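There are 2 protein chains.
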Amino acid sequence: MNDILINCPLFKDIEAEEIQRIFDKIFYQMKEYEINEIIAYQDEKVEHLIILLEGIARGEMVDISGKTIVIEEIESPKPLAPAFIFGINNNYPVNIVSQTNTKILKIPKFEFVKMMQRSDKLLINFMNNVSGRAQFLSQKLKFLSFHSIKGKFAYYILNLAKNNNTNYITLQLSQNKLAELFGVTRPSLARAIRELHNDKIIRADAKNIQILNTYELYELMK
Amino acid sequence: MNDILINCPLFKDIEAEEIQRIFDKIFYQMKEYEINEIIAYQDEKVEHLIILLEGIARGEMVDISGKTIVIEEIESPKPLAPAFIFGINNNYPVNIVSQTNTKILKIPKFEFVKMMQRSDKLLINFMNNVSGRAQFLSQKLKFLSFHSIKGKFAYYILNLAKNNNTNYITLQLSQNKLAELFGVTRPSLARAIRELHNDKIIRADAKNIQILNTYELYELMK
DNA sequence: TCACACGTGTAACATATGTTACAAAATTGA
DNA sequence: TCAATTTTGTAACATATGTTACACGTGTGA
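So the protein sequences, as listed, match chains A and B.
Residues in the first sequence are numbered consecutively from 1, following the numbering used here.
Residues in the second sequence are numbered consecutively from 1001, following the numbering used here.
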């Protein structure tokens, strides 16, 4: 088990013996699931930290008619819904279903608290995980609040320019990733960039962008 | 100071003597600010937990042109940007500026980790805070990320129906308010409702809505 | 070396939403 | 009760974005 946990983000930079110590006298369970079994139910209270040790699971929403919508895939080794263990509304946001044969580790919440108090690395790893999630969502929300693709792109490159203190930017993400971050399609993003280029607001050549008209970019963000 | 902290969400349900114990041999600073002083700088790395003890602060974004946009107000006693202490991108997301005379408590990150390891209540309170933030954002994002007006409206009335356990709903908000909530224009919302009515997915008469086809409403939410 | 995946550029067309405008119905206040 | 105001219904048109498809270059692994 420890060999697997070492690769889990919650136990990052924690050695095997240290993991051993953290788990000492902690009550936990191991469970195995066949394919397509439900590991956790949507809206059920989260009472445990569940770590997916082996296999792949998926989160899916269920509607009244019984139809399901797959939300995301979760690969091992990873904790399931870590941002929903604590907080006001600590219920599973989705059904979690095994997509292959899977093996999980189930630790009661209060035991997990104990574990975090034993290991500052575990504590910090968990914090990083949940905080990272909040930060990711926060950023994504900001992007969604700009109405137009050009507005989102303007915001994005203006931030890069500001951070690097230059008008010459090299995009680090692919158009695909960027489009995903913005919540738009890739061709639409490409078109927006092209139009900004044609309007001489930026000069765009593949991933290299030069900002020509900062004022117009700000206007687009409104 | 303890009298103030008792009302801070991070120290909820922790008694004064317990707070005393948690702070024992912890290094921290108190600082005071006049009105309109910057307490923390946007994009600066978060190295401390800062708790606003007295006064009111505001978060504001600054763009290159020097224009500022107020994002939120923060009242005492509350931690500043708790979701940005840990995580990948732990920089202040905004400038934090005193809006009145303020007094703050500044605890280095590593000391705060120590404190959480001393007190499971503090640990859980902090977790609840950050997780609650993630959950709130997640909820908000779900709402904003419905691509279509029909999707947002479907989500809205399905929630109402679920809460009241009926298929007959009376909208409490005017179309104007609702359109504003969705971030769309009023005629567009009216059109969406009309089309749902024409497609016999709902029966809409002014503010009175009857859900006819739950399945289709769920489809619209994709 | 070659097939293949991947990222990018672009085009034609479909669709959703915004914009503007006006009329009818409902509500409000005197 | 009646005028004024708000709310709702609707239409024509403009625009932004999505959808689908294909071409081109680049790197990569067999």
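Quick reminder that beta carbons are idealized off the backbone N, C-alpha and C, glycines included.
Computed from a predicted structure; not experimentally measured.
Between residue i and the rest of its own chain, which residues show a CB-CB distance below 8 Å, the 5 nearest in sequence each way excluded?
i: P82 (chain A); result: L10, L49, F126, N129, V130, R133
i: E1111 (chain B); result: I1026, F1027, Y1028
i: S188 (chain A); result: I149, A179
i: D43 (chain A); result: N91, Y92
i: T100 (chain A); result: I35, G55, I56
i: A16 (chain A); result: N2, D3, I6
i: T1170 (chain B); result: K1207, N1208, I1209
i: I224 (chain A); result: This structure cannot settle anything about residue 224 (chain A), because the visible part of chain A is limited to 1 through 222.
i: E195 (chain A); result: K150
When we look at the beta-carbon of residue i and count the other beta-carbons within 10 Å, is it buried (16 or more) or exposed?
i: K152 (chain A); result: buried
i: T185 (chain A); result: exposed
i: M1030 (chain B); result: exposed
i: T1102 (chain B); result: buried
i: Y33 (chain A); result: buried
i: L1123 (chain B); result: buried
i: G66 (chain A); result: Because G66 (chain A) sits at a pLDDT of 48, beneath the cut-off of 50, its placement in the model cannot be relied upon, and the following sentence gives the value as read from the coordinates. The residue in question, G66 (chain A), is exposed, as its Cβ has fewer than 16 Cβ neighbours within 10 Å.
i: L1052 (chain B); result: buried
i: L1217 (chain B); result: buried
i: Y155 (chain A); result: buried
i: N1095 (chain B); result: buried
i: S1098 (chain B); result: buried
i: L1105 (chain B); result: buried
i: L173 (chain A); result: exposed
Taking DSSP as the reference, what is the three-state secondary structure of residue i?
i: Q1099 (chain B); result: coil
i: Y1155 (chain B); result: helix
i: N1208 (chain B); result: strand
i: T1170 (chain B); result: strand
i: L53 (chain A); result: strand
i: D3 (chain A); result: helix
i: P108 (chain A); result: strand
i: M1030 (chain B); result: strand
i: H48 (chain A); result: strand
i: N90 (chain A); result: coil
i: G183 (chain A); result: coil
i: A192 (chain A); result: helix
i: I85 (chain A); result: coil
i: E17 (chain A); result: helix
i: E37 (chain A); result: coil
i: I1149 (chain B); result: helix
i: K25 (chain A); result: coil
i: P1079 (chain B); result: strand
i: I1124 (chain B); result: helix
Which residues of chain A have a Cβ atom closer than 7 Å to the Cβ of residue i, listed in chain order?
i: K1140 (chain B); result: L141
i: F1146 (chain B); result: Result: empty, since nearest Cβ-Cβ is about 11 Å, beyond 7 Å.
i: L1137 (chain B); result: A134, L137, S138, L141
i: A1083 (chain B); result: S131, A134, Q135
i: V1113 (chain B); result: D120, L123, I124
Please confirm whether residue i has its beta-carbon closer than 8 Å to some beta-carbon of chain B.
i: R133 (chain A); result: yes
i: M116 (chain A); result: yes
i: I124 (chain A); result: yes
i: P93 (chain A); result: yes
Is the CB of residue i under 8 Å away from at least one CB in chain A?
i: M1127 (chain B); result: yes
i: V1130 (chain B); result: yes
i: V1097 (chain B); result: no
i: N1165 (chain B); result: no
i: G1087 (chain B); result: yes
Tell me which same chain residues have a C-beta within less than 7 Å of the C-beta of residue i, skipping the five on either side of it?
i: K1045 (chain B); result: N1090, N1091
i: F182 (chain A); result: F143, I149, K152, L189
i: Q20 (chain A); result: N2
i: L1212 (chain B); result: K1200, I1201, I1202, R1203
i: M221 (chain A); result: F146, G151, A154, Y155
Is any non-hydrogen atom of the ligand NAD found closer than 7 Å to the C-beta of residue i, if you look at the structure I gave you?
i: S131 (chain A); result: The model depicted lacks the ligand NAD and carries no ligand whatsoever.
Residues in the same chain with beta-carbon distance under 6 Å from residue i, minus the five sequence neighbours each way, listed in chain order, please.
i: R1118 (chain B); result: I1022
i: I1193 (chain B); result: A1204
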